[in-house]
Amino acid sequence: MAQHDKTLDLIAIGRSSVDLYGQQAGGRLEDMASFAKYVGGSPTNTAIGAARLGLKAGLVTRVGADHMGRFIAEQLVREGVDTTGVVSDPERLTALVILGIRDRETFPLIFYRENAPDMALTEADIDPDWIAKSRSVVLSGTHLSQPAVLAASLKAAGLAKANGARVVLDIDYRPVLWGLTAREAGENRFVANDKVTAVMQQVLPLCDLIVGTEEEFHILGGATDTIEALRQVRRVTQALL
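When we follow our numbering, the leftmost residue of the sequence shown carries the number 798, and every step to the right adds one.
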């Protein structure tokens, strides 16, 4: 599809949740008495942020056919995000995340994502005609962690490239979502793992832009030395880092 025929600037694919932030800053999650509710999930936030900046953004995700899923879907509409790719899943409950701010260095976080709807995305949820309408597709590293979502992400990336669109990878590394930490350790942002590195590197040849923290580039490159990690990434992709 010619660029002038594309109606979307980006389509983000992956996690969606309701984030519940503890309102008693400085306390433990055990001590929280009240919470504020927000839409969460890196791809969902990316789509909303892009829409707020005036871009035409869409989202591919699944939410539960429940109160929290409707909150996410309705908030996306209020923010101006195209929800063509948002599926309401009657078999699964919407993911929740409980968060707090203990101090400047400590941010306790627990993911409630057992059988999360967005992890049930499959290749069938990737509409070739809709993907063809976007100038870019944003993938999430979390949605490379299971075979079905990996296949869906690879399909979206392949369709994007075939239609002259750019592919962006948000490394979005959460070790707990790869089963590498205790479930209560959601705030842990780095655990070295060769399997995770190998899986993530599968998509790198398709990428035009890769976004991540220093720690996330460590997992992507399979090294805790930043320069060496970047060298390893550069060996498999010419994407802007």
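Think of the CB as a built atom: it goes at the ideal place given N, C-alpha and C, for glycine as much as any other residue.
Just so it is clear, the structure is predicted and the values come from calculations on it, not from any experiment.
Determine the contact status of Gly838 and Gly811, defining contact as a CB-CB distance below 8 Å. Against the sequence shown, residue 838 aligns to sequence position 41. Against the sequence shown, residue 811 aligns to sequence position 14. Less than 8 Å divides the Cβ of Gly838 from the Cβ of Gly811.
Straight-line gap, Leu966 to Leu873 (C-alpha atoms, nearest Å): Locating residue 966 in the sequence shown gives position 169, counting from the first residue. Locating residue 873 in the sequence shown gives position 76, counting from the first residue. Approximately 22 Å between the Cα atoms of the pair.
Where does the unbroken beta strand (DSSP E) through Ala1036 begin, and where does it stop? As a first step, residue 1036 must be located in the sequence shown, where it is residue number 239. Counted as a single uninterrupted DSSP element, the stretch harbouring Ala1036 is not any beta strand (DSSP E), since DSSP gives it neither H nor E.
For Thr994, I'd like the list of residues in its chain whose CB is within less than 8 Å of its CB, leaving aside the five on either flank, ordered along the chain. To locate residue 994, count along the sequence shown from 1; it is residue 197. If you ignore the 5 residues before and after Thr994, its C-beta comes within less than 8 Å of the C-beta of Ile1016, Leu1017, Gly1018 and Gly1019, all in its own chain and listed in chain order.
Beta-carbon proximity of Leu941 to Val988, cut-off 8 Å: Taking the first residue of the sequence shown as 1, we reach residue 941 at position 144. Taking the first residue of the sequence shown as 1, we reach residue 988 at position 191. Result no, Cβ atoms of Leu941 and Val988 do not sit closer than 8 Å.
Ordered list of beta strand (DSSP E) runs contained in the stretch 809-860, each at least 3 residues: Complete beta strand (DSSP E) runs here, min 3: 814-819 and 832-837.
May I have the straight-line CA-CA distance separating Leu1001 from Tyr970, to the nearest angstrom? Taking the sequence shown and counting its residues from 1, one reaches residue 1001 at position 204. Taking the sequence shown and counting its residues from 1, one reaches residue 970 at position 173. Leu1001 and Tyr970 have their alpha carbons spaced roughly 15 Å apart.
Distance, Ser813 Cα to Phe908 Cα: The residue you call residue 908 lines up with position 111 of the sequence shown. The residue you call residue 813 lines up with position 16 of the sequence shown. Straight-line measurement puts the Cα of Ser813 at about 12 Å from the Cα of Phe908.
Across which residues does DSSP place Phe908 in a beta bridge pair? Locating residue 908 in the sequence shown gives position 111, counting from the first residue. DSSP lists Val894 as partners of Phe908.
On a Cα-Cα basis, can you pick out the residue from Leu974, Trp927 and Glu1025 that is closest to Asp802? Working through the sequence shown from its first residue, we reach residue 802 at position 5. Nearest C-alpha to Asp802: Trp927.
Could you check where the alpha helix (DSSP H) with Asp991 kicks off and where it finishes? Position 194 of the sequence shown holds residue 991. Run containing Asp991: Asp991 to Gln998, per the alpha helix (DSSP H) assignment.
By Cβ distance, which residues of its chain are closer than 8 Å to Ala870, with the 5 residues on each side in sequence left out? Residue numbering aside, residue 870 sits at position 73 when the sequence shown is read from its first letter. Sequence-distant partners of Ala870 (beyond 5 residues in either direction) whose C-beta falls short of 8 Å from its own C-beta, in its chain, are Val860, Thr880, Val883 and Ser885.
Exposure of Gln820, with buried meaning 16 or more beta-carbon neighbours within 10 Å: Taking the first residue of the sequence shown as 1, we reach residue 820 at position 23. When all chains shown are included, Gln820 counts as exposed.
Assuming Pro840 contacts Val935 (C-beta within less than 8 Å), just tell me the rounded distance between them. Taking the sequence shown and counting its residues from 1, one reaches residue 840 at position 43. Taking the sequence shown and counting its residues from 1, one reaches residue 935 at position 138. The C-beta separation of Pro840 from Val935 comes to about 6 Å, placing the pair in contact by the 8 Å criterion.
Going by DSSP, which residues form a beta bridge with Ile1016? Taking the first residue of the sequence shown as position 1, residue 1016 is located at position 219. None; Ile1016 has no bridge partner.
Given that a residue counts as buried once 16 or more other Cβ atoms are within 10 Å of its Cβ, and exposed if not, what is Glu1013? Indexing the sequence shown from 1 puts residue 1013 at position 216. The residue in question, Glu1013, is buried, as its Cβ has 16 or more Cβ neighbours within 10 Å.
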